[in-house]
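**Student:** Got a structure for you, written out below as structure tokens; questions coming shortly.
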Amino acid sequence: LASRLPAVGTTVFTRMSMLAAQAEAVNLGQGFPDFPCERSLLDAVTDAMQADCNQYPPMTGVPALRQAVAAKIATLYGQQYDANDITITAGATQGLTTAILCCVHPGDEVIVIEPVYDSYVPAITLAGGIAVCVQMEMRAGGYTVPWAKVAAAVTSRTRLIVINTPHNPTGSILRGSDMHALSDLVRGTDILVLSDEVYEHMVFDGQRHESVCRHPELAARAFVVSSFGKTYHVTGWKVGYVAAPPALMAEFRKVHQYNVFSVNTPMQHGIADYMADPQPYLQLPAFYQRKRDLFRNGLAGTRFELLPADGTYFQCVRYDKISAQTEAEFAEWLTTEIKVAAIPVSAFYQQGNESGIVRFCFAKQDATLALALARLATI
Ligand code: PMP
Ligand code: GLN
20 LASRLPAVGT
30 TVFTRMSMLA
40 AQAEAVNLGQ
50 GFPDFPCERS
60 LLDAVTDAMQ
70 ADCNQYPPMT
80 GVPALRQAVA
90 AKIATLYGQQ
100 YDANDITITA
110 GATQGLTTAI
120 LCCVHPGDEV
130 IVIEPVYDSY
140 VPAITLAGGI
150 AVCVQMEMRA
160 GGYTVPWAKV
170 AAAVTSRTRL
180 IVINTPHNPT
190 GSILRGSDMH
200 ALSDLVRGTD
210 ILVLSDEVYE
220 HMVFDGQRHE
230 SVCRHPELAA
240 RAFVVSSFGK
250 TYHVTGWKVG
260 YVAAPPALMA
270 EFRKVHQYNV
280 FSVNTPMQHG
290 IADYMADPQP
300 YLQLPAFYQR
310 KRDLFRNGLA
320 GTRFELLPAD
330 GTYFQCVRYD
340 KISAQTEAEF
350 AEWLTTEIKV
360 AAIPVSAFYQ
370 QGNESGIVRF
380 CFAKQDATLA
390 LALARLATI
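20 is the number of the first residue of the sequence shown in UniProt numbering; add one for each residue after it.
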């Protein structure tokens, strides 16, 4: 069979989690919490199942959940979406893929920023599009998007620009100036924006999440994607959403109704009930900032060099004082010999790239972080 995705193998997350299990390593590779979600969220979902909310929901999602999402976006970011501008998806992954499939035609170019989350480029390829990569650059020790280079990558065939803030894997965030640069770049064109905001509630040090929803000019041409898996510590539930203005959402739903039709019913009802209380997501920055600081403080005495970590639950570190290995080799060595799994940042580049940087996930119990830190301190 001629492959539609010849360049694609098994994802780095699956490979590193398998290696971590084999090596009995602490798994700080693949991003997921090792602690349970809140009991009341489980109760809300269980109640929905017991109440027999177990048949197909509407194709677009349970209305109460779409209303809760629209209300949250209005409160936090000041953008008014109708509940009908929201579609519930099978995780952010399906939302991202469906958004790409609904607007990218064969031969269209899509600008992505490297390091790039692994699902975007395969989706662009399946649509027949061409991914045009622009690499982030190091300024003042942190990753930034060079907007002049993004502007230079725009051609008459550019259909879509994909952004991700807070950013996986770097932990960097876009700021107001970035959003203004993006607005300037797309103004007067028909370029659309796909904004992956799955870590929207994990921004630290009192900084704010710069959602495209805060920028009406961008929101008018954007698909905004988020994930309840990240926000509520339930990555295995695979429930997320996409918000977009009516004309874009109409096209999104044409694809959505045939690649998934609808997303499991009881979780949608349970999450809708649970969302009535904003505290769980309002408390998330403090919750993860404490873990970030615990992890950073632990690493401060080692030969790892910490990169800034403004958002997400990832911490990137430079290891060039420890080893000259490639990132993939170093991540494997860490996993098998030191018994702490990490992800090589090179896996987020299409053509490979070696910066001597690996990513750790700190969405772990304090005891897990302490064990990992004790092992990392031996290097
Ligand atoms: N986008 C980014 C940047 C992510 O890190 C992830 C999860 N690792 C996803 C999308 C996918 O989210 P979900 O699990 O809800 O499909
Ligand atoms: N997004 C998660 C990460 O970056 C992994 C998701 C997956 O395994 N596909 O670690």
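No residue lacks a Cβ here, since even glycine has one placed at the ideal position from N, Cα and C. If you're wondering where the values come from, they're calculated on a predicted model, not measured in any experiment.
(1) Report all residues for which the CB-ligand distance to some heavy atom of the ligand GLN is below 6 angstroms; order them along the chain.
(2) Give the range of the beta strand (DSSP E) segment to which Phe242 is assigned.
(3) Pull the bridge partners of Gly330 from the DSSP assignment, please.
(4) For the beta strand (DSSP E) that contains Gln154, what are its first and last residues?
(5) Who are the Cβ neighbours of Leu318 in its own chain at under 8 angstroms, not counting the five residues just before and after it?
(6) Does Gly317 come out as helix, strand or coil in the three-state DSSP assignment?
(7) Using the Cβ count rule (16 or more neighbours within 10 Å means buried), how would you classify Ala44?
(8) What would DSSP say about Gly259, mapped onto helix, strand or coil?
(9) I need the straight-line Cα distance from Phe54 to Ala21, nearest angstrom please.
(10) Given Met68, which residues of its chain have a CB within under 6 angstroms of its CB, disregarding the five upstream and five downstream residues?
(11) 8 angstroms is my cut-off, CB to CB: does Gln302 come that close to chain C?
(12) Taking 7 angstroms as the cut-off, does the CB of Asp215 come closer than this to any heavy atom belonging to the ligand PMP?
(13) Which partner residues of Phe379 appear in the DSSP bridge assignment?
(14) Between the beta-carbon of Thr106 and the beta-carbon of His228, is there less than 8 angstroms?
(15) Less than 7 angstroms separating the Cβ of Tyr260 from some heavy atom of the ligand PMP?
(16) Report the rounded CA-to-CA distance for Tyr338 versus Leu24, giving the unit in angstroms.
(17) Is Asn183 near the ligand PMP - that is, is its Cβ less than 7 angstroms away from at least one heavy atom of it?
(18) Quick one: Cα of Gln302 to Cα of Gln370, how far?
(19) Below 8 angstroms, how does it come out for the stretch 160 to 175 and the stretch 338 to 356: are there three or more Cβ pairs, yes or no?
(20) Spatial neighbours of Gly114 within its chain, please: CB distance less than 6 angstroms, with the 5 preceding and 5 following residues excluded, ordered by chain position.
(21) Report buried or exposed for Lys273, applying the criterion of at least 16 other Cβ atoms within 10 angstroms of its Cβ.
(22) Beta carbon of Tyr136: closer than 7 angstroms to some heavy atom of the ligand PMP?
**Tutor:** A quick look at the data gives this:
(1) Thr30, Phe32, Gln49, Gly50 and Asn187
(2) Ala241 to Ser246
(3) Val222
(4) Ile149 to Gln154
(5) Leu325, Gln334, Val336, Leu392 and Leu395
(6) helix
(7) buried
(8) strand
(9) 42 angstroms
(10) Pro285
(11) Note that chain C does not occur in the displayed structure, where there is just one protein chain.
(12) yes
(13) Gln334
(14) no
(15) no
(16) 32 angstroms
(17) yes
(18) 39 angstroms
(19) no
(20) Thr108, Val244, Gly259 and Val261
(21) exposed
(22) yes
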